[in-house]
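Before any comments, here is the structure.
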Amino acid sequence: MKTFLRVNLYFISFAILAGGIFASLLLLSCNHSSDLNEVLGDIEALDRNLAKEIDDGAGFGWIEANLNLARGDNKNLLAERARELKKWREILGRDDVFAGVEKKASDDVNAEISRFLDLYRKAAGEYSVKIKGAPKTGTSEFGGLFPSEEISSGEDREGFGFAGYDGSWPSISDNEARELLRQKLISEKLLLTLFKAKQNGEPMELLGIRREPVGDVDRQRIADEALSVDSIANVLAKREGTIETYAFEINFLARTSALRTFLNSLQYPFLVRDISVRRLENSSSSFTANNNSSTNSPFAPNSNNIAVNSKTLPIIKDVGSRFTILVEYVLSVHADLDLIKPLCSNNLLAECTLGIDDIEEGAETDEKLKAFLRRHYPWSPPPSSSISDLLTVLGSDRDSKYFLKQAFGSK
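The sequence shown begins at 1491 in the working numbering and counts up by one.
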């Protein structure tokens, strides 16, 4: 036996070693088999969870489509805003009509309005435009043309919307007086346009101008010349905080040719908002067609007149009418704060809105906000306080001055 062990020592050692390794591998295999079963169980559980999540999310497939629609709407909105702002720039023009107004004090405005009343009462006579309280002359230019709308000629004189300040000046703040001065400057342009619209030999009678009050003192003075903008807000371009205008209503008697010339001569920033025309019952007008006993209609052809009247004439001529024109004068247009206010109420809403603009992927919130401001406020920036509110919601450490400088170059 000993001889056998000596001869086969290496073989026996190898067999023992192989048996040990096999036992170790067998034990390891059993352990891994248990782990494998656990992993397979985890995979099956994940498959079930994945299927459940897919099933739960099946009803939200419209989100991506809606996001694409929102991006398209955002692009269209920017294009519309650009066109709108371009048109408002065209309307506002470049002339600074109100240069120097801010330097005027209340007494300066008093003198300006007094000169205005004297100057345009005189101008009305020079253009042969009849106004209330004008001195009577021997001319009969206006006689019988507007008999149904005669104005009583007493001591009252035409005030062109400022009759309450004719000969007296109240205690009024400089700011309110400056607004009166702005309206006076607008009225000058409006009146001059009307006077120039009168054709030589044609009648015109100014019935009056109404304007919107500019303050508490003005409301007490303006009386019958006040124009209530609240009652006509639906026809005005004025929008609080966005579009600032002054509205005027001018009433006059004339013929249609004067109205056409007046409307064609009004230039931006005047906007014509409404026109009312009422033909005067007793105005001198006649039909050019021959109404004889054999023709019932003034439009029916008359063989006797065809050869004689070779020139086309209007059916009605010399028609006097009362015209009421509502106009607005655009003072300024501001950025639309409605884009900022909703974003200041919710962080998620703000982040999602900023993300619609397709800024480069991974961009920081600050970069998205700068891009948003540049795109949505191409004309002028929103107020600094609005940006500050939005920064608070977004959790940005920057201040509003940083964004104004980065997005608009403001100091």
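Each residue gets a CB set at the ideal place from its N, CA and C atoms; glycine is no exception.
Here the structure is a predicted model, which means the values were calculated and not measured.
Do you know how far the Cα of residue j is from the Cα of residue i?
{"i": "A1555", "j": "N1836", "result": "23 Å"}
{"i": "A1624", "j": "L1682", "result": "17 Å"}
{"i": "L1515", "j": "E1534", "result": "28 Å"}
{"i": "I1815", "j": "D1597", "result": "32 Å"}
{"i": "F1550", "j": "I1877", "result": "33 Å"}
{"i": "E1669", "j": "T1855", "result": "43 Å"}
{"i": "S1604", "j": "G1657", "result": "8 Å"}
{"i": "E1563", "j": "A1613", "result": "Before going further, note that residue 1563 is Asp rather than Glu in the sequence given. When rounded, the distance between both Cα atoms is 54 Å."}
{"i": "K1674", "j": "L1568", "result": "37 Å"}
{"i": "M1694", "j": "G1590", "result": "34 Å"}
{"i": "N1558", "j": "D1664", "result": "54 Å"}
{"i": "I1544", "j": "G1531", "result": "20 Å"}
{"i": "E1755", "j": "A1687", "result": "Note on residue identity: the sequence assigns Ser, not Glu, to residue 1755. C-alpha separation (whole angstroms): 8 Å."}
{"i": "F1512", "j": "I1506", "result": "10 Å"}
{"i": "L1576", "j": "F1898", "result": "Checking the sequence shown, residue 1576 turns out to be Lys, not Leu. If you take the alpha carbons of K1576 and F1898, they lie about 18 Å apart."}
{"i": "S1811", "j": "L1671", "result": "32 Å"}
{"i": "K1593", "j": "S1886", "result": "41 Å"}
{"i": "F1685", "j": "Y1617", "result": "6 Å"}
{"i": "V1707", "j": "K1858", "result": "48 Å"}
{"i": "R1888", "j": "C1842", "result": "20 Å"}
{"i": "L1517", "j": "L1536", "result": "29 Å"}
{"i": "S1519", "j": "D1525", "result": "10 Å"}
{"i": "G1628", "j": "G1615", "result": "In this prediction, G1628 has a pLDDT of 44, which is less than 50 and means its spatial position is unreliable; what the coordinates show is noted afterwards. Spanning the two alpha carbons is a distance of roughly 13 Å."}
{"i": "Y1500", "j": "E1528", "result": "42 Å"}
{"i": "A1601", "j": "F1588", "result": "17 Å"}
{"i": "G1691", "j": "D1608", "result": "25 Å"}
{"i": "L1540", "j": "Y1892", "result": "46 Å"}
{"i": "K1542", "j": "R1571", "result": "45 Å"}
{"i": "S1766", "j": "A1667", "result": "31 Å"}
{"i": "W1552", "j": "R1709", "result": "56 Å"}
Starting from the C-beta of residue i, find all residues in its chain whose C-beta is less than 6 Å away, skip the five residues before and the five after it, and write them out in chain order.
{"i": "V1823", "result": "W1578, I1733"}
{"i": "S1870", "result": "A1825"}
{"i": "L1884", "result": "A1840, T1855"}
{"i": "Q1896", "result": "K1860"}
{"i": "N1942", "result": "No answer is possible for residue 1942: it lies beyond the span of the chain, which begins at 1491 and ends at 1901."}
{"i": "Y1867", "result": "A1825"}
{"i": "L1874", "result": "The displayed chain sequence assigns Ser, not Leu, to residue 1874. Closer than 6 Å at Cβ, skipping near neighbours: S1890."}
{"i": "A1595", "result": "D1664"}
{"i": "S1503", "result": "none"}
{"i": "F1606", "result": "K1674"}
Sort out for me which residues DSSP pairs residue i with in a bridge.
{"i": "A1653", "result": "Answer is none; A1653 lacks a bridge partner."}
{"i": "V1764", "result": "In the sequence as presented, Val is not what sits at residue 1764; that position holds Asp. For D1764, which the question treats as bridged, DSSP gives the partners L1816."}
{"i": "N1741", "result": "G1698, T1814"}
{"i": "E1734", "result": "S1822"}
{"i": "A1687", "result": "Partner(s): none; A1687 has no beta bridge."}
{"i": "R1904", "result": "Since the first and last residues shown for the chain are 1491 and 1901, residue 1904 lies out of range."}
{"i": "A1716", "result": "R1701"}
{"i": "K1620", "result": "E1695"}
{"i": "R1769", "result": "S1811"}
Report all residues from its chain with a CB closer than 7 Å to the CB of residue i; omit the five preceding and five following residues, and keep chain order.
{"i": "R1711", "result": "G1654, Y1655, P1660"}
{"i": "P1832", "result": "L1839"}
{"i": "H1522", "result": "none"}
{"i": "L1827", "result": "G1731, P1872, S1876"}
{"i": "E1580", "result": "Y1758"}
{"i": "L1821", "result": "E1734, T1735, Y1736"}
{"i": "L1753", "result": "V1762"}
{"i": "D1879", "result": "C1834"}
{"i": "G1583", "result": "Y1758, P1759"}
Looking only at C-alpha atoms, which of the options sits nearest to residue i?
{"i": "R1769", "options": "L1743, P1759, F1650", "result": "L1743"}
{"i": "I1651", "options": "D1664, L1684, P1703, S1663", "result": "With the sequence shown as reference, residue 1651 is identified as Gly, and Ile is not the correct amino acid for it. Selected option, being the one with the closest Cα: P1703."}
{"i": "I1906", "options": "V1707, E1739, D1706", "result": "Residue coverage of the chain in this structure runs from 1491 to 1901, which leaves residue 1906 outside it and unanswerable."}
{"i": "R1565", "options": "D1879, F1862, P1872, V1619", "result": "The residue asked about is misnamed: residue 1565 is Lys in this sequence, not Arg. Residue F1862 is the option with its Cα nearest to K1565."}
{"i": "L1717", "options": "D1525, L1829, T1843, E1818", "result": "E1818"}
{"i": "G1705", "options": "S1886, L1518, Y1736", "result": "Y1736"}
{"i": "R1745", "options": "K1858, F1760, V1619", "result": "V1619"}
{"i": "G1845", "options": "V1529, D1525, S1524, A1560", "result": "A1560"}
{"i": "L1829", "options": "L1609, R1864, V1820", "result": "R1864"}
{"i": "K1449", "options": "F1760, G1691, A1667", "result": "This structure does not reach residue 1449, given that the chain is present from 1491 up to 1901, and the question cannot be answered."}
{"i": "D1585", "options": "V1767, I1676, V1599", "result": "I1676"}
{"i": "K1622", "options": "D1646, L1607, F1606, L1609", "result": "D1646"}
{"i": "T1882", "options": "Y1610, C1834, G1547", "result": "C1834"}
{"i": "I1662", "options": "L1880, G1547, V1599, L1894", "result": "V1599"}
Ignore the nearest five residues each way along the sequence and tell me which others in residue i's own chain have a CB closer than 8 Å to its CB.
{"i": "Q1689", "result": "S1747, A1748, T1751"}
{"i": "S1630", "result": "Only weak support exists for where S1630 lies, its pLDDT of 43 falling under 50; the value from the coordinates is given anyway. No residues qualify anywhere along the chain."}
{"i": "V1725", "result": "R1763, D1764, L1816"}
{"i": "E1715", "result": "G1649, G1651, F1652, A1653, G1654, G1698, I1699, R1700, R1701"}
{"i": "V1719", "result": "E1702, L1726, K1728, A1737"}
Problem - Residue ranges of each alpha helix (DSSP H) within the segment 1527-1612, 4 or longer - result: Counting only runs of 4 or more, we get 1552-1582.
Problem - Inside the segment 1812-1897 only - alpha helix (DSSP H) runs reaching at least 4 residues - result: Listed in chain order, they are 1837-1845, 1855-1866, 1874-1884.
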